[in-house]
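**Q**
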Amino acid sequence: MQKKRGTARTRGLAAELKDFRHAAGLNTREAARRVGMSPATLNRMEPGNRAANPEDVSALLVAYGVTGPERKRLLTMAREANLPDWWETTGDVRSEHLRALITFEAEATRIVDVAMLRVPGLMQTPEYIHALMSGFQFSEATAKSMADTRLDRQRLLTLPTCPRYVTIIDEAAISRPVGGPRVMAAQLRHIISLVVYPNIEVRVIPFAHGAHTGLDGSFMTLEFRKDRPIVLLEHKRSSGFIDEPEHVASFQSAAGTLAKEALDPLESVNFLADKAAYYDRS
1 MQKKRGTART
11 RGLAAELKDF
21 RHAAGLNTRE
31 AARRVGMSPA
41 TLNRMEPGNR
51 AANPEDVSAL
61 LVAYGVTGPE
71 RKRLLTMARE
81 ANLPDWWETT
91 GDVRSEHLRA
101 LITFEAEATR
111 IVDVAMLRVP
121 GLMQTPEYIH
131 ALMSGFQFSE
141 ATAKSMADTR
151 LDRQRLLTLP
161 TCPRYVTIID
171 EAAISRPVGG
181 PRVMAAQLRH
191 IISLVVYPNI
201 EVRVIPFAHG
211 AHTGLDGSFM
221 TLEFRKDRPI
231 VLLEHKRSSG
241 FIDEPEHVAS
251 FQSAAGTLAK
261 EALDPLESVN
271 FLADKAAYYD
281 RS
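Per full-length UniProt numbering, the very first residue in the sequence shown carries number 1; after that it's consecutive.
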């Protein structure tokens with residue numbers, strides 16, 4: 001029985017299998033021939049349109065030369081592909097969720113990033129990232145790896161095929177002087193510079209607007225042309241993709257409410273500019 005199309009696990013596994021095929025130097029026809037599968041089946045499997053069962057994954061991993069812990073990990077993903085949502089607890093900078101997120105961001109048509117505590121990752125400057133990682137007390141190697149990956153992800157916003165990106169930022173995220181006044185002034189001006197792109201919209205919720213539904217925590221919603229939307233939740237050493245439609249809908253509703261409570265785009269840019277000027281004076 002074919003597993004439910006569009007779950008985060010199914011699509012994350014499909015993206016990884018495609019990456020391993022590329023690393024093995026095989027096209028879909030060659031890979032399918034090696035495992036006795038039709039090219040059409042593999043072509044449906046790689047975008048996540050057809051769930052890969054453990055037997056298919058096992059055969060493909062042999063063809064791609066994937067062994068050891070990676071093979072075990074991917075087979076576990078295949079066995080759990082029909083489960084709703086997807087949670088992970090890890091300190092690994094190359095986590096399954098990060099690999100999946102990079103694919104989901106690239107495939108999304110619209111991303112809404114609700115940022116309550118810090119500047120959204122897709123908009124962070126290198127100096128802000130460095131200060132953030134230092135505050136998290138990561139090792140130098142871990143911090144560099146995470147920073148490099150984050151900066152790489154940011155290219156997405158200025159590509160010709162970029163998604164619509166809306167971020168709703170609480171004033172708390174821009175009031176904490178991560179890295180000090182100079183870093184924060186530059187960070188806020190960087191955000192302002194990004195709104196010249198027609199696909200990017202920034203909305204700020206000032207403290208003066210009081211309590212709001214975003215105080216429950218930050219989240220990101222990702223919408224796709226053909227697949228079901230996904231919500232990303234991130235915490236200190238854990239993260240989760242939510243893909244059950246009724247649960248996703250509650251986050252989308254919250255994002256809509258927050259957009260109404262936030263300043264409009266022009267007011268938000270002026271708010272950020274005033275805050276940057278305040279940091280200059282500091």
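Glycine included, each C-beta is placed from N, C-alpha and C at the ideal position. Here the structure is a predicted model, which means the values were calculated and not measured.
My output table needs one value for E223: the three-state DSSP class, helix, strand or coil.
**A** Working through the sequence shown from its first residue, we reach residue 223 at position 223. Residue state, collapsed to three classes: strand.
**Q** V166: buried (16+ other C-beta within 10 angstroms of its C-beta) or exposed?
**A** Locating residue 166 in the sequence shown gives position 166, counting from the first residue. Per the 10 Å Cβ criterion, buried.
**Q** For D253, which option in D274, F219, L263 has the closest C-alpha, if you only look at C-alpha atoms?
**A** Here the question's residue 253 lines up with position 253 in the sequence shown. At residue 253 the sequence reads Ser, which differs from the Asp that was named. For S253, the nearest C-alpha among the options comes from F219.
**Q** Nearest to N270 by alpha carbon, out of I205, K236, T221?
**A** Here residue 270 refers to the residue found at position 270 when the sequence shown is read from its first residue. Of the listed residues, the one whose Cα sits closest to N270 is I205.
**Q** Sorted by chain position, which residues of the same chain lie with C-beta nearer than 7 Å to T158's C-beta, five sequence neighbours on each side aside?
**A** Here residue 158 refers to the residue found at position 158 when the sequence shown is read from its first residue. Only Y197 meet the Cβ criterion.
**Q** Since A40 sits in a beta bridge, which residues does DSSP pair it with?
**A** Here the question's residue 40 lines up with position 40 in the sequence shown. Answer is none; A40 lacks a bridge partner.
**Q** Per DSSP, what kind of secondary structure is D280 in: helix, strand or coil?
**A** In the sequence shown, residue 280 corresponds to position 280, counting from 1. D280 falls in the helix class under three-state DSSP.
**Q** Tell me, which residues are paired with D113 by DSSP?
**A** Counted from its first residue, the sequence shown places residue 113 at position 113. The partner list for D113 (beta bridge, DSSP) reads T167, M220.
**Q** Is DSSP giving S238 helix, strand or coil here?
**A** By one-based count along the sequence shown, residue 238 stands at place 238. Residue state, collapsed to three classes: strand.
**Q** Measure the Cβ-Cβ separation of M116 and D170 and say whether it is below 8 Å.
**A** Taking the first residue of the sequence shown as position 1, residue 116 is located at position 116. Taking the first residue of the sequence shown as position 1, residue 170 is located at position 170. Yes, Cβ-Cβ distance for M116 and D170 is below 8 Å.
**Q** Count the other CB atoms within 10 Å of the CB of D280; is the residue buried (16 or more) or exposed (fewer)?
**A** Working through the sequence shown from its first residue, we reach residue 280 at position 280. Exposed, by the Cβ-count rule.
**Q** Would you mind sorting A31 into buried or exposed? The rule is 16 or more other CB atoms within 10 Å of its CB.
**A** Counting from 1 along the sequence shown, the entry for residue 31 is found at position 31. Classification of A31: buried, given that the 10 Å Cβ count is 16 or more.
**Q** Identify which residue in H22, S95, S282, A147 has its Cα closest to the Cα of P126.
**A** The residue you call residue 126 lines up with position 126 of the sequence shown. Answer by Cα proximity: A147.
**Q** Take M37 as the anchor and find which of A100, A23, H22, S58 has the nearest alpha-carbon.
**A** Mapped onto the sequence shown, residue 37 falls at position 37. The residue with the shortest Cα to Cα distance from M37 is S58.
**Q** Is it true that the CB of A14 sits closer than 8 Å to the CB of P39?
**A** As a position in the sequence shown, residue 39 is number 39, starting the count at 1. As a position in the sequence shown, residue 14 is number 14, starting the count at 1. Against a cut-off of 8 Å, the Cβ pair of A14 and P39 comes out as no contact.
**Q** Per DSSP, which one or two residues make a beta bridge with T89?
**A** Position 89 of the sequence shown, counted from the first residue, corresponds to residue 89. Answer is S238, bridged to T89.
**Q** In terms of alpha-carbon separation, which member of N199, R99, R150, E96 lies closest to V119?
**A** Residue 119 sits at position 119 when you count from the first residue of the sequence shown. If we check each option's Cα against that of V119, R150 comes out closest.
**Q** Find the nearest neighbour of E234 within the set G217, K18, F104, judged by alpha-carbon distance.
**A** For the purposes of this step, residue 234 is identified with residue 234 of the sequence shown, where counting begins at 1. Of G217, K18, F104, the residue nearest in Cα terms is G217.
**Q** How would you write the range of the alpha helix (DSSP H) that R21 sits in, first residue to last?
**A** Indexing the sequence shown from 1 puts residue 21 at position 21. Run containing R21: 8 to 23, per the alpha helix (DSSP H) assignment.
**Q** To which residues of the same chain is A277 closer than 7 Å at the C-beta, ignoring the five residues directly before and after it?
**A** What you label residue 277 is simply residue 277 of the sequence shown in a count that begins at 1. Closer than 7 Å at Cβ, skipping near neighbours: no residue.
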